[in-house]
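Report on one structure; see the data block that follows.
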Amino acid sequence: MSTGKTLRQLARARRGVLVPGAFNALSARVIADLGFEAIYVTGAGVTNMHIGLPDMGFMGLAEISEQTARIRDAVEVPLLVDADTGFGNAVNVRHTIRTLERAGADCVQLEDQVSPKRCGHFNGKAVIEADEMIGKIKAAVDARRSEDLLIMARTDARAIDGFDAAVERAQRYAEAGADILFVEALESADEVRRMPRFLDAPLLMNMVIGGKTPIATADDLTEFGYGLVLYANAALQGAVAGMQRALSVLRDQRHLKEDPELVAPFAERQRLVGKAFIDELEQRYRG
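Using the working numbering, you'd call the opening residue of the sequence shown number 444 and step up by one each time.
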């Protein structure tokens, strides 16, 4: 079964599948190695880790497609890819979908913010008209070469126009052809609980650590009716915390040993990047 078909089944099952975000090939390897069933290629993570800037529209199609292709080569699980606003109008969205599909995406996420967008949990957001977003969704559906490529539509309207307006937009986006719906930055546990009652399409819930949405367990979100539970930047925030801990010890003690509480062992690092397989290839092709 293709990874796209697998992802469709995961989303439709509504069993709160945890989807961590990856920002490069190694972070994706760690996620897959731990047994997670799908990976989200995070635009915020790519922006933070590769450009060193906040999630405020600095990432382009080239950056996200490059990381998607590298991650696709590194892992075999389904990939959901953050395409921000689609990098332009509906015609640009067509090019974005074709590019990310070639790079190995199984799902492409588009959002209805104005450009330049910003993190869904930042203040100061604005959204385009629903009709313009519907045009983008239709362009995305028409552009995909395989029906196994899923289109996820995200609305940020909750922060601007309220809960009911966000629900209405999500309903219209599903009617336009979106396979998965993502209503960003709900602001209460009650909203999180009620959202699935209004929408028939598979739903993703975004759990942003430190963000506007109250954290709920994946088990609770399954009970509410969510198919996918996104932790887009858990790996990134964990990596930053780990770097800060290890490097603080190095700065203060002026040396750093192979302490598994601070650093991954050298052997574990080599295992994750497949050194044994490369050694085998060297032996196989040695003249």
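We put the CB at the ideal spot given by N, CA and C, even for glycine.
Sub-8 Å separation of residue i and residue j beta-carbons
{"i": "GLU611", "j": "GLY563", "result": "no"}
{"i": "GLY459", "j": "LEU664", "result": "yes"}
{"i": "ILE594", "j": "ILE577", "result": "no"}
{"i": "ILE554", "j": "THR528", "result": "Residue identity check: residue 554 is Glu in the sequence provided, not Ile. Yes."}
{"i": "ASP498", "j": "ALA512", "result": "no"}
{"i": "GLU630", "j": "LYS655", "result": "yes"}
{"i": "ALA481", "j": "PRO521", "result": "yes"}
{"i": "GLY668", "j": "PRO703", "result": "no"}
{"i": "ALA505", "j": "VAL524", "result": "no"}
{"i": "PHE625", "j": "GLN510", "result": "no"}
{"i": "LEU693", "j": "LEU671", "result": "no"}
{"i": "ASP599", "j": "LYS568", "result": "yes"}
{"i": "ALA675", "j": "GLY464", "result": "yes"}
{"i": "LEU679", "j": "MET492", "result": "yes"}
{"i": "ALA613", "j": "ILE540", "result": "no"}
{"i": "ILE514", "j": "ALA454", "result": "no"}
{"i": "LEU582", "j": "VAL534", "result": "The question names Leu, yet the displayed sequence has Ala at residue 582. Their beta carbons are under 8 Å apart, which means ALA582 touches VAL534 by this criterion."}
Buried versus exposed, by CB contacts within 10 Å (16 or more), residue i
{"i": "PRO645", "result": "buried"}
{"i": "GLU605", "result": "Contrary to the premise, residue 605 reads as Gly rather than Glu in this sequence. It is exposed - the Cβ of GLY605 has fewer than 16 other Cβ atoms within 10 Å."}
{"i": "MET815", "result": "Since the first residue of the chain shown is 444 and the last is 730, residue 815 is not available in this structure."}
{"i": "GLY730", "result": "exposed"}
{"i": "TYR616", "result": "buried"}
{"i": "SER470", "result": "buried"}
{"i": "PHE709", "result": "exposed"}
{"i": "LEU673", "result": "buried"}
{"i": "GLN556", "result": "buried"}
{"i": "ILE658", "result": "exposed"}
{"i": "ALA684", "result": "exposed"}
{"i": "LEU450", "result": "buried"}
{"i": "ASN566", "result": "exposed"}
{"i": "THR490", "result": "buried"}
8 Å contact criterion, which residue i and residue j should meet: CB distance rounded
{"i": "ILE507", "j": "VAL484", "result": "7 Å"}
{"i": "GLY500", "j": "ARG561", "result": "7 Å"}
{"i": "LEU705", "j": "ALA689", "result": "5 Å"}
{"i": "GLY447", "j": "LEU592", "result": "6 Å"}
{"i": "VAL570", "j": "ILE603", "result": "6 Å"}
Cut-off 7 Å between Cβ atoms - residues of its own chain near residue i, not counting five sequence neighbours on either side
{"i": "ALA621", "result": "ILE580, ILE594, MET595, ALA596, ALA644"}
{"i": "PRO559", "result": "MET499, GLY500"}
Other residues of its chain near residue i: CB distance less than 8 Å, five sequence neighbours each side excluded
{"i": "ASP662", "result": "GLY459"}
Would you mind listing the beta strand (DSSP E) stretches within the stretch 654-706 that are 3+ residues and don't spill past its ends, in chain order? 671-674
Could you tell me which whole beta strand (DSSP E) segments of length 3 or greater appear in the stretch 512-588? Runs of the beta strand (DSSP E) inside the stretch 512-588: 522-525, 550-554.
Any beta strand (DSSP E) of 3 or more consecutive residues that is wholly inside the stretch 471-500: Correct list: 482-484.
Jot down the residue ranges of each uninterrupted beta strand (DSSP E) in the stretch 584-661, minimum 3 residues, whole runs only, in chain order. 593-598, 623-626, 646-649
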